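**Student:** First the structure, then my questions, so here it is.
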Amino acid sequence: MNRRFDNAPEPGRYYPPRPGAYAIIDTGDGLLASFQDRPVPELQLPGGGIDPGEHPIAALHREVMEETGYRIHSLRRLGM
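Residue numbering for the sequence shown follows numbering that gives the first Met the number 0, beginning at 0 and increasing consecutively.
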């Protein structure tokens with residue numbers, strides 16, 4: 000995600016993209032999302048940034064566990 004919540008981007012400054020990994024988790028009763036109320040209310044998929052040198056699948060497992068407490072399995076790639 001490239002959205003910024005702090006100060007507006009500085010003109011002429013380079014902001015490197017940060018790759019991320021996010022999950023669509025089917026719980027059997029529906030899809031799992033997290034609710035964030037700041038800075039604006041929104042639903043988010045579990046996931047987050049991939050650390051330098053970290054494999055995307057490892058990042059996805061780490062982020063989902065950190066945010067939901069769930070361990071994931073039966074992974075299937077849906078995007079880049």
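Where is the CB? At the ideal position from N, CA and C, for every residue including glycine. Note that the structure is predicted; figures quoted are calculated from it, not measured.
Unbroken beta strand (DSSP E) runs of length 3 or more, entirely within the stretch 1-72: which are they?
**Tutor:** 19-21, 33-35, 41-43 and 46-48, all fully within the stretch 1-72.
**Student:** For the structure I just gave you, are there three or more beta carbon pairs, one from the stretch 9-29 and one from the stretch 40-59, closer than 8 Å?
**Tutor:** Yes, they touch.
**Student:** Compute the Euclidean distance between the alpha carbons of Gly78 and Glu9, then round it to the nearest angstrom.
**Tutor:** Roughly 30 Å between the two C-alpha positions.
**Student:** To the nearest angstrom, how far is it from the Cα of Glu62 to the Cα of Gly11?
**Tutor:** Straight-line Cα distance between these residues: approximately 32 Å.
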